[in-house]
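For reference, the structure discussed in these notes is given below.
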Amino acid sequence: MKALRHEIMESPMTTEEAPPNAETPPCGAAASAAGSAIGAPRVPTLVIEGGKALRGFDFRDLWAHRDLLYFLAWRDVKVRYKQTAMGVAWVILQPLLTMAIFTVLFGRLAKVPSDGEPYPIFVFAGLLPWTYFNQAVTTASNSLVGNAALITKVYFPRLVIPAAAVCAGLVDFAISASIMFLMAFHYGMPFGASLLLIPPLMALTALFALCVGMWMSALNVKYRDVRYALPFLLQIWMYLTPIIYPLKFIPERWRWLLALNPLSGMIQAFRAAVFGRAIDWSGLGLACAMTAVFLIAAGWSFRRMERQFADIV
Amino acid sequence: MQPIIRVEKLGKRYAIGRRENFVTIRDMVASAALAPIRALRRLGNRSEDRGTENFWALKNVSFEVAPGEVLGVIGRNGAGKSTLLKILSRITEPTAGRIELHGRVGSLLEVGTGFHQELTGRENIFLSGAIMGMRRAEIIRKFDEIVAFAEIDDFIDTPVKRYSSGMYVRLGFAVAAHLDPEILLVDEVLAVGDIAFQKKCLGKMGEVARGGRTVLFVSHNMAAIEALCTRCVMLSGGALAASGDPMTVMARYVAEGAAPDTGAADLAAHPGRRPGDTPTMTRVELRSGDEKPSGAIRLGDPMEIRVSYRATRPLRPVLGSVIKTSYGAPVFCVSDRFCSQLAECAPLAEATIICRIERLMLIPGTYSIDLWLGDATGDFDVIFDAIGFEVLPSDLTGTGRLPPPNLGAVFCEASWSIDDR
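Chains as they are written, first to last, in the numbering used here: chain D, 1 to 313; chain C, 1 to 421.
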């Protein structure tokens, strides 16, 4: 096994994609005839090698499968509320009911401060990105196992599956975001230019959800414990994120701990964008940096486990 | 000519112990706790344990396919055919070796890949097409053609869960058939669907082949291989056993593992054994009335299948055998699983089970037998094509004439009369 890997490392041709006929020097009419039989000149030669070292994502391959990403996300959206009596209403009801419970429990009874905003809209603005993150991570982590029939029958970059789950959640987010704007209108909030920050912030949240989701989905293929552990983990995570309380609620000397949680920076910024207040750029910058680090780590982990998916799922 | 597929020294290793569906952390803890005991035990019989842990589904397989060729891949169950397809279609990675594919690869390993029950036919065409590697624009362009091929126009906006199984299969194949790859990998999907649909599939595959595309076709259906393939390779125990024109390789396939002239076969190390089974059957003998084994039995004569086994503990054996044509189609099955005639016998660790068929009513030709041995709990030793035999003609009809083999493998006695009222 080791000897084999060594031999391959030394072989001159280790790239997976190469221009057509790059391996064979053209030798007259026969070669060109073969070339035309192969088809369009952009059809690449594919080389598959056993026991080769781990490599990064093949971004060209991922890009070639962008339509698949779209259709898988579209399928998830389309199928999610099939055969439910209330259908899409669930998308609105879930965060609304959670908001009502939190408002009574924490806003009224526990008298948690809310940065001077009315508590219902304060908590809703935090719950909105959190609900998205929670749902995206949960569906993504079960996505590989749920699509085992595909993984064992056809090739495509496996990353597309958790990525589709993360994208599908954005539709739910958009629907429940409209409720938030109705509430903002009701409370007489000003609609400022800072609202334009919401799409890039959600893109960042989606990217972070993809990190966690793809890592968990790969782990879930091998260890089905993930399915049972993840809900607890996410619940604890929610209370470690300033959603039901403002960041100021935490004593100064512990705040740095909260900043280690990228979601903390993202949700703080999301709220600031909604309420038109100053954005904590250093917190957001830290969240970006940590997402980048997580993305590389999760990507590496995913690539490593990806090779076994079809054999063990 | 430059080959379109080049496979060099391909190998795929599975760790048998790790092939359970999934592990939990609890299993890992338990396994870690028991590891020292396992290691001690391994010191005792080192060589045996090593052998069972790793299993080479494919080993050192090399071949080339020229553009426009239709290559048939045959082999017994567990010979590595499916593994080869899975590696070529990039579903799983090889452990060793190298493959070059010069062109777009489409694989048809099942019908209806990616279909979702809740979605309509129209929606599933897009979904399944995208999963198999088509771009959206391409699907839109071929949409009408796919619907026409599947013959489901009226049901295009009905969820596929309301489809009949025939409609489902037709739609699934229709999407796959319009993939237009340079290299098409086909598993035994033709085994599904009704006869008319199978014909249509074969026709479409022939069309694909004549269109200059390269097809790699894995099948047990010898008639289909014969009709479609220009060349054939045979896998045996994960290695390439034969390669050449389909007739020669198929003759070799029929001959291997079966010894038609002797009527007896040693089963202790038989190539047709299913991987992972506990080897229990040791020998099979065929007899026809007298005391010595015979590989040639006359139509209408008795046949005895005698299987000897040796087990680690006494058991009440249950034997099943499937008699198949040389093309691999099952003709009939005799199994004590359904008769329970031996259910009351004394448990034995070592014995010979005798299955007697009073009159063997098979059209003359060569046949093959699969053997299944187990006990009341299930089967634990299965050997495909354990032994072959020949059926010799006999004059049961009194005219010297018998129906030709292409009209069915079973000879059935009938009486004829005319009602002229």
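For each residue, glycine too, the CB sits at the ideal point set by N, CA and C.
Would you please verify whether the beta carbon of residue i is less than 8 Å from any beta carbon of chain C?
i                : result
Ile48 (chain D)  : yes
Met305 (chain D) : no
Arg271 (chain D) : no
Arg75 (chain D)  : yes
Pop quiz: residue i and residue j are said to be a contact at Cβ under 8 Å. What is the actual Cβ separation, rounded to whole angstroms?
i                : j                : result
Gly121 (chain C) : Phe155 (chain C) : 6 Å
Gly363 (chain C) : Ala409 (chain C) : The displayed chain sequence assigns Ile, not Gly, to residue 363 (chain C). Indeed they touch by this definition, with Cβ atoms about 5 Å apart.
Ile152 (chain C) : Leu171 (chain C) : 6 Å
Ser219 (chain C) : Gly72 (chain C)  : 7 Å
Val175 (chain C) : Ile125 (chain C) : 6 Å
Met303 (chain C) : Leu319 (chain C) : Their Cβ separation, rounded to whole angstroms, is 14 Å, which puts Met303 (chain C) and Leu319 (chain C) out of contact at 8 Å.
Arg316 (chain C) : Asp375 (chain C) : 6 Å
Ile353 (chain C) : Val307 (chain C) : 5 Å
Asp381 (chain C) : Asp266 (chain C) : In fact, because the Cβ distance is near 14 Å, the residues do not count as touching under 8 Å.
Ser236 (chain C) : Gly11 (chain C)  : Not confirmed; about 15 Å, so no contact.
Val160 (chain C) : Gln117 (chain C) : 6 Å
How would you list, in chain order, the residues of chain C whose beta-carbon sits under 8 Å from the beta-carbon of residue i?
i                : result
Phe156 (chain D) : Ile131, Gly133
Leu150 (chain D) : Thr113, Gly114, Ile131
From the DSSP output, in three-state form, read off residue i for me.
i                : result
Thr102 (chain C) : Looking at the sequence itself, residue 102 (chain C) is His, so the reference to Thr does not match. Looking at His102 (chain C) - three-state DSSP - the assignment turns out to be strand.
Phe59 (chain D)  : helix
Leu402 (chain C) : coil
Cys167 (chain D) : helix
Arg316 (chain C) : coil
Ala57 (chain C)  : strand
Asp67 (chain D)  : helix
Gly265 (chain D) : helix
Arg255 (chain D) : helix
Tyr187 (chain D) : coil
Tyr309 (chain C) : strand
Pro246 (chain C) : helix
Pro41 (chain D)  : Only weak support exists for where Pro41 (chain D) lies, its pLDDT of 43 falling under 50; the value from the coordinates is given anyway. Coil, per DSSP.
Pro302 (chain C) : coil
Arg450 (chain C) : Past the boundaries of the shown model lies residue 450 (chain C); chain C is included only from 1 to 421, so the question cannot be answered.
Cys412 (chain C) : coil
Tyr81 (chain D)  : coil
Met238 (chain D) : helix
Glu8 (chain C)   : strand
Val65 (chain C)  : strand
Gly238 (chain C) : coil
Lys153 (chain D) : coil
Thr98 (chain D)  : helix
Leu46 (chain D)  : strand
Val88 (chain D)  : coil
What does residue i reach in chain C if we use C-beta pairs closer than 9 Å?
i                : result
Ala310 (chain D) : Lys86, Ile91, Thr92, Glu93
Thr45 (chain D)  : Glu100, Leu101, His102, Gly103
Residue i touches chain C at which residues, Cβ-Cβ below 7 Å?
i                : result
Phe71 (chain D)  : Phe126, Leu127, Ala130
Gly51 (chain D)  : Thr95, Ala96
Asp314 (chain D) : Beyond the ends of chain D as shown, which are 1 and 313, falls residue 314 (chain D); an answer cannot be given.
I want to verify the contact list: residues of chain D whose CB lies under 8 Å from the CB of residue i, in sequence order.
i                : result
Tyr14 (chain C)  : Asp311
Ser82 (chain C)  : By Cβ distance, chain D contributes nothing, its closest Cβ being about 10 Å from Ser82 (chain C), past 8 Å.
Glu110 (chain C) : Lys153
So which residues of chain D does residue i contact, with C-beta pairs closer than 7 Å?
i                : result
Gly320 (chain C) : Near Gly320 (chain C) there are no residues of chain D at all, since even the closest Cβ is about 29 Å away, more than 7 Å.
Glu118 (chain C) : Val79, Lys82
Ser219 (chain C) : Those within 7 Å of Ser219 (chain C) in chain D number zero; the least Cβ separation is about 17 Å.
Would residue i pass as an interface residue toward chain D - the criterion being a Cβ-Cβ separation below 8 Å?
i                : result
Gly473 (chain C) : Lying before the first or after the last residue shown, residue 473 (chain C) is absent from chain C, which here runs from 1 to 421.
Gly11 (chain C)  : yes
Ser308 (chain C) : no
Ser107 (chain C) : yes
Against chain A, with Cβ distances strictly below 8 Å, would residue i count as a contact?
i                : result
Ile369 (chain C) : Annotation note: the requested chain A is absent from the structure, which comprises protein chains D and C.
query = What are the complete alpha helix (DSSP H) segments, minimum 4 residues, inside the region 283-313 of chain D?
reply = 309-312
task = Within the region 82-146 of chain C, note down every full alpha helix (DSSP H) run reaching 4 residues or more, in order along the chain.
result = Entirely contained in the region 82-146 of chain C, the alpha helix (DSSP H) runs reaching 4 residues are, in chain order, 121-131.
request  = Identify every run of the alpha helix (DSSP H) within the region 112-139 of chain D, keeping only runs that are complete inside it and at least 4 residues long; order them along the chain.
outcome  = none
message = My parser needs the beta strand (DSSP E) runs of 3 or more residues fully inside the region 347-381 of chain C; what are they?
response = 348-357, 365-375
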